[in-house]
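Read through the structure below, which is laid out as structure tokens, and then see the notes.
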Amino acid sequence: MTKADLSDLYRNYIACLNKQDWPMLGEFVHHDVVHNGRRIGLSGYLEMLQRDFDEIPDLHFNIRMLIADPPYIASRLSFDCTPKGSFLGLQVGGKRVSFTENVFYEFRNDKIREVWSVIDKVAIEAQL
Numbered sequence: 611m612t613k614a615d616l617s618d619l620y621r622n623y624i625a626c627l628n629k630q631d632w633p634m635l636g637e638f639v640h641h642d643v644v645h646n647g648r649r650i651g652l653s654g655y656l657e658m659l660q661r662d663f664d665e666i667p668d669l670h671f672n673i674r675m676l677i678a679d680p681p682y683i684a685s686r687l688s689f690d691c692t693p694k695g696s697f698l699g700l701q702v703g704g705k706r707v708s709f710t711e712n713v714f715y716e717f718r719n720d721k722i723r724e725v726w727s728v729i730d731k732v733a734i735e736a737q738l
């Protein structure tokens, strides 16, 4: 897969998340996906995303930086949203917060096989 093809695939994955098109998630995510060292599988990944959207109804993934080096993607995502209650152990309680996430993905057979994600929790704490 070329860098351009992988970048396009990733952008389509992010569009899938933003539309909450859960039946399509398996087109992008491997059935045996690993997230931050934990094997959660596609069903666990879906549960994680659904929980995120339940806790943050206005959640929207914005790509700020994208680097493709097949089979890897490095992305900086930004968020400006309003978590309903607690988020990352912080009592946000409906306050609008802005933060970023640095995330790396490994693709196998054109699907996300492993994800390493770090959210800027300090930025959220500073806004509370």
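Sequential numbering of the sequence shown, starting at 611, is according to our numbering. Ideal Cβ placement from N, Cα and C applies to all residues, glycine included.
With a contact defined as Cβ atoms closer than 8 Å, residue 718 and residue 681 qualify at about 7 Å.
Residue environment: residue 698 is assigned as exposed (fewer than 16 neighbouring CB atoms within 10 Å of its CB, all protein chains considered). According to the DSSP assignment, residue 732 belongs to the alpha helix (DSSP H) that extends over 731–737. Bounds of any alpha helix (DSSP H) do not take in residue 635, whose DSSP letter is neither H nor E.
Taking the Cα positions, residue 659 is about 24 Å away from residue 615.
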